[in-house]
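Working notes for the structure below.
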Ligand code: GLU
Ligand code: MG
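Numbering (our numbering), first residue to last: 7 to 442.
This is the structure:
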C-alpha cells in the first residue's frame, strides 16, 4: 500500500478539500504544491458550483503545503495514516491568492500584531453528535454517557495528543450522544488548523466504527445545537495575558474592550461567515445557550461574546486563563475565515478606540425595545440571507475583502440557500448533518 499525504485547504463552505501525493515523494525542507482550481471556492456544500461565480472553467492555482502544519496520525482500525498538510492557495508563481482563507487569517493577525504588538491566543471548542451507535439514552453530562462511549473518548484524546493538539477536556454534553472536546490555546492560524484536524479526525474515528459524527449546528429542528465557541486572549511579547485588567468592569483590559466593541458592532455581518448555513439560524435563538443578540456578557452563556470564568482554585492566577469567547459560530464555517472576520472586526474597534460594549446580564427578550436598544442589544439576523444583507450593507466589513472575494462568497451562499430550499426542517438538518 502506498501511504498518501494530502495537501488540504478549508474553503468558504467550511469543507476541507485537497489532493494527495505518495507520502514518500515529499522531501522535507523542499516547498511542494499541487494543482487547484479557482472555481472550487464557489462550491456549495451540496457539491454544486454556484451559478453566480466569477471564475468559470478557466484559471489555475496551487495548494502550497505548510510543512510546519502537517498532521499525521494512525487512527485505530484505519488502513493507512491520516496525513494532511495545511496549505495556502497561491498563484502559479507562488504569490498568495487573495481568497485563501488561511492567508486571509494570517494577514489579519499580522495587522493586529503590528497595531498592538499583541498576538492572539486561540482555542476552538467543538460540540458534535454521534449517530448510529445503538446506545441507550444516557442522562445529560453523565458518567454513563461518557462510559458508554468508551473507548471513543480515549481514542479521540489519544489521536489529538499524538497530533500535538493538546486536548484538554472530553465532555458528555447536554444533548443525546452529544460530546464536546477542548484543546489548549495556541497561535491563531494554528488554532484554526487544529479545528480543521479535530473535525476530520473525529468524523473518521466515528466512521471507522460504522457511526457518523456530525458537527452540524442543528441535526434536528427541535434538537440540541452544536456550537463552535471561539476562545481568544491577547498575549504581549513576554507572554503576559493582555486581556485582563482587574481594575476595569468585567476585568477586561482597555485593548480587549475596544476589540470586543468592534466585534459587537459588526456582529450582524460577522454571522454571515461564522454561522453561515440556513440551519445555523435555528441555533442562534434566545434561550438556547448559543447567542441571539449583539450582547457582551460576563459569564453568561446566552451572550454572543462572553467573558469566560476563571478559577483561583489551587492558587491559580486568574490573569493567566482569562479569555473571551465568541459563541455565534458553528462548524459550517471555515475556521480560518471565521476567526479572520472576528479579528478584522476587533481591529476596527481598536482603530476607532471604541468604548467597551455595555456588559449585560439578564434576558433581553424581557426588556422593552427602547431599553434593549439603549443597551446596544440588537437581535441577530434571523436567516442567512438576512445576515448576507447585513454584510453587503456594512461597508467596513465589505472592505475587509477584495471585490472578487465578497462576490464569490455571497454568490456561493446564495446558491446554497437556493439549493437548501424553502423548508428549514428536519430533512434539511439531516442533509447538513451528513455534510458536516
Ligand atoms: N450547545 C450550545 C450551543 O449551541 C452551547 C452549550 C454550552 O454552553 O456548552 O452553542
Ligand atoms: Mg458546550
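Yeah, the Cβ is synthetic: ideal placement off N, Cα and C, and Gly gets one too.
Since the model is a prediction, treat every value here as computed from it, not as a measurement.
Of all alpha-carbon atoms in 12, 181, 399, the one lying nearest the alpha-carbon of residue 73 is that of 12.
Inclusion of residue 186 in the 7 Å shell around the ligand MG follows from its C-beta lying nearer than that to a non-hydrogen atom of the ligand. In the DSSP assignment, residue 397 falls within the alpha helix (DSSP H) that extends over 390-398.
For residue 90, the pairing in a beta bridge is given by DSSP as 12, 77. Take the alpha-carbon of residue 8 and the one of residue 32: they are about 13 Å apart. Taking residue 370 as the centre and dropping the five residues before and after it, the same chain places the C-beta of 299, 378, 383 closer than 6 Å to its C-beta, in chain order. For the 8 Å CB-CB criterion, residue 249 and residue 332 do not form a contact. Using a 10 angstroms sphere on the CB of residue 388, the tally of other CB atoms stays under 16, which defines it as exposed.
It is roughly 29 Å from the alpha-carbon of residue 374 to the alpha-carbon of residue 398. Contact check for residue 41 and residue 66: beta-carbon distance about 6 Å, within the 8 Å limit, so the pair qualifies. Not one heavy atom of the ligand GLU sits closer than 7 Å to the Cβ of residue 303. Rounded to the nearest whole angstrom, the CA to CA distance from residue 179 to residue 23 is 29 Å.
Residue 179 has its CB nearer than 7 Å to a heavy atom of the ligand MG. For residue 413, the enclosing alpha helix (DSSP H) starts and ends at 409-426. Residue 293 carries a coil assignment under DSSP once its states are collapsed to helix, strand and coil. Rounded to the nearest angstrom, the Cβ distance from residue 160 to residue 270 is 39 Å, too far for a contact under 8 Å.
In this structure the stretch 337-351 does not touch the stretch 251-264; the number of beta carbon pairs closer than 8 Å is below three. With a cut-off of 7 Å, the C-beta of residue 422 is classified as distant from the ligand MG, since no heavy atom of the ligand falls inside that distance. Checking the 7 Å criterion, the Cβ of residue 417 is out of range of every heavy atom belonging to the ligand GLU. In the DSSP assignment, residue 54 falls outside any alpha helix (DSSP H), carrying neither H nor E.
Across the structure, residue 140 and residue 284 are spaced so that their CA atoms are roughly 29 Å apart. Per the DSSP secondary-structure output, residue 335 pairs in a beta bridge with 234. The residues 20, 234, 279, 280, 281, 282, in chain order, have a CB closer than 8 Å to that of residue 339 in the same chain once the five nearest residues on each side in sequence are set aside. Short note on residue 9: C-beta not closer than 7 Å to any heavy atom of the ligand GLU. Looking at 154, 272, 100, the one whose alpha-carbon comes closest to that of residue 38 is 100. For the ligand GLU, residues qualifying as neighbours are 231, 233, 295, 296, 307, where qualification means a beta carbon closer than 5 Å to at least one of its heavy atoms (chain order). In the DSSP assignment, residue 213 falls within the alpha helix (DSSP H) that extends over 194-214.
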